[in-house]
Amino acid sequence: MKTIAAIRAAWQMMVKWAKCHPWTAFLLATVTLLVSIHFFIALFVPPSKEKVWKEIQVTDGMSFKAIAGVLQKEGVIRYRGYFELIGRLQGISRRVRVGYYGLSTNMSLWEVLDALRKGKIIEYEVVVPEGYNLYQIGWTLSGTPLVSDPQQFIKLVRNREYVRSLGIEADTLEGYLFPDTYFLPKGIKLEDIPRRMVQRHQAVFVDSYRARAEELGMTEQQILTLASIIEKEAKVPSERTLISAVYHNRLKKGMRLQADPTCVYGTKAWVTNVTREDLKRKSPYNTYLHKGLPPGPIANPGQGAILAALYPEQVDYLFFVAQGDGSHYFSKDYGAHEKAVGRYRSAKKKAKSAAMNTKGKTVSTKAKGAVN
């Protein structure tokens, strides 16, 4: 109540003063109105109606005053003083994110300040799917302005000194480049791209995973190697733990894993089909020729495949064969497996024959139509 009374009293005094000094009061009111209009224009009216995009780089250690100078020079803001004043009052001047900003000459000063406050720098969305190997990731990155040549990335992630600098005790970063959607800022250094992916892996592969790996008598590297094979083999996510069980059981019995994807690792970035010749290819990764796990991962597994490698299904399966729809048929012994393979080949042959017959009928119908 006292506050309201004080405001009322002050207002009455102002009215009384204005009545005694009408011209002075009019002049003050006019000046106040003009200043308010100017402030409104400065804050909400863009410097130009024309939309011209400007890339403004904010570097590490750059002062807010310097940022204002660049923005004014590029025609993004008109009133540098207002920009600096409001930026400091709102605390924006103390925490501008480093990077490239895409700003337009038809943005208001308020919109420019808001972009800086939110750190809306130019970023490129890079999707790394589960099961991609380092070669595929390199080619994916080369499709953005971030990496001009995929070999730059591939060479870096295969550099042992660089790999060790990230705390990874391996020859390459294969298996440690965690599949995810990454938003990479324009101007990011090449060496910082794999670093982000490794940091994501380290956030996922927690101590409880390492403890479980020790229970299985395996290292993190071995778990990732097995998980990468599971990732490449499993087209149906629910089968990951079953496929994992097959490989765990084979390892315990000293059997070769005979995993098709291991035969073609390192030959090409993308391989759709594995041929009989691929199965004979001399490579330390070829599990048809060598017992045990390959020397390292053949791809970068997601969390689901990693968990499957750590927690296989408790079953006695030793074999599995594709059924043509992405799923597999699992068997405990070679005899049952051979029968499953026979059924698959027979079904495949029938499907091929039916497709050829359908194609022949289509061609015949077209021919008759042409004659008529």
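The opening position of the sequence shown corresponds to residue 1 in our numbering, with each subsequent residue numbered one higher. Backbone N, C-alpha and C fix where the C-beta goes; we use that ideal spot for every residue, glycine too.
Under 7 Å from any heavy atom of the ligand NAD, does the C-beta of residue i make it?
| i | result |
| --- | --- |
| Met-218 | Inclusion of the ligand NAD in the displayed structure is not the case, the ligand content being empty and no account of it being possible. |
Residue i: which of the options sits nearest, CA to CA?
| i | options | result |
| --- | --- | --- |
| Asp-192 | Phe-153, Thr-172, Arg-94 and Gly-217 | Phe-153 |
| Gly-326 | Arg-95, Lys-232 and Asp-278 | Lys-232 |
| Gln-303 | Leu-190, His-337, Gln-222 and Ala-203 | Ala-203 |
| Gly-335 | Leu-318, Gln-323 and Ala-347 | Leu-318 |
| His-290 | Asn-273, Cys-263 and Asp-149 | Cys-263 |
| Val-378 | Trp-53, Arg-343 and Asn-300 | Because the chain is modelled from 1 through 372, residue 378 falls outside the range shown and cannot be assessed. |
| Ser-346 | Gly-254, Gly-324, Asp-207 and Gln-199 | Gly-324 |
| Tyr-82 | Asp-60, His-328 and Val-112 | Val-112 |
| Ser-238 | Ser-48, Ser-165 and His-328 | His-328 |
| Val-58 | Lys-49, Arg-97, Arg-210 and Phe-330 | Arg-97 |
| Arg-250 | Lys-349, Asp-333, Glu-125 and Ile-67 | Asp-333 |
| Lys-51 | Pro-145, Arg-95 and Val-76 | Val-76 |
| Gly-266 | Leu-257, Val-70, Asp-278 and Gln-222 | Asp-278 |
| Ala-234 | Glu-215, Thr-275, Asp-260 and Arg-95 | Asp-260 |
| Lys-253 | Gly-292, Lys-186 and Arg-95 | Gly-292 |
| Gln-374 | Leu-109, Ser-331, Arg-256 and Lys-349 | Outside the displayed range of the chain (1 to 372) lies residue 374, so it cannot be described from this structure. |
Does DSSP put residue i in a helix, in a strand, or in coil?
| i | result |
| --- | --- |
| Leu-251 | helix |
| Ala-213 | helix |
| Phe-64 | helix |
| Tyr-124 | strand |
| Lys-54 | strand |
| Leu-103 | strand |
| Tyr-334 | helix |
| Lys-349 | helix |
| Ser-108 | coil |
| Leu-146 | coil |
| Glu-233 | helix |
| Ala-18 | Any reading at Ala-18 must be qualified, since the residue scores a pLDDT of 48, below 50, and its modelled position is unreliable; the value itself is stated next. Note: Ala-18 maps to helix in three-state DSSP. |
| Ala-97 | Reading off the sequence shown, one finds Arg at residue 97, where the question assumed Ala. Three-state DSSP puts Arg-97 in coil, outside helix and strand. |
| Ile-168 | coil |
| Tyr-82 | helix |
| Lys-118 | helix |
| His-201 | helix |
| Ser-208 | helix |
| Gly-69 | helix |
| Ser-228 | helix |
| Glu-191 | coil |
| Ala-299 | coil |
| Asp-316 | coil |
| Ala-245 | helix |
| Leu-156 | helix |
| Thr-140 | helix |
| Val-76 | coil |
| Gln-90 | coil |
Could you tell me whether the Cβ atoms of residue i and residue j are closer together than 8 Å?
| i | j | result |
| --- | --- | --- |
| Gln-151 | Arg-117 | no |
| Ile-121 | Gly-99 | yes |
| Glu-123 | Leu-184 | yes |
| Ile-92 | Glu-74 | no |
| Val-128 | Pro-46 | no |
| Arg-305 | Arg-240 | The residue you asked about is not Arg; residue 305 is Ala in the sequence shown. Closer than 8 Å, so yes. |
| Glu-220 | Arg-210 | yes |
| Val-126 | Thr-140 | yes |
| Val-198 | Ile-168 | yes |
| Ala-68 | Arg-80 | yes |
| Arg-196 | Tyr-182 | yes |
| Leu-216 | Pro-301 | no |
Return the bridge partner residues of residue i from the DSSP annotation.
| i | result |
| --- | --- |
| Ala-305 | DSSP output for Ala-305 lists no bridge partner at all. |
| Val-321 | Tyr-329 |
| Thr-181 | Val-127 |
If we count Cβ pairs, one from each stretch, closer than 8 Å, do we get three or more for the region 98-118 versus the region 129-146?
no
Quick one: any contact between the region 289-297 and the region 172-181, if contact means 3 or more CB pairs under 8 Å?
Enough Cβ pairs lie closer than 8 Å, so yes.
Given 8 Å as the limit, is there contact between the region 240-259 and the region 309-316, that is, 3 or more CB pairs closer than that?
Verdict: yes, contact present.
Below 8 Å, how does it come out for the region 299-309 and the region 223-234: are there three or more Cβ pairs, yes or no?
Contact holds: three or more Cβ-Cβ distances are below 8 Å.
Could you tell me whether the region 155-170 touches the region 280-288, where touching means 3 or more Cβ pairs closer than 8 Å?
no
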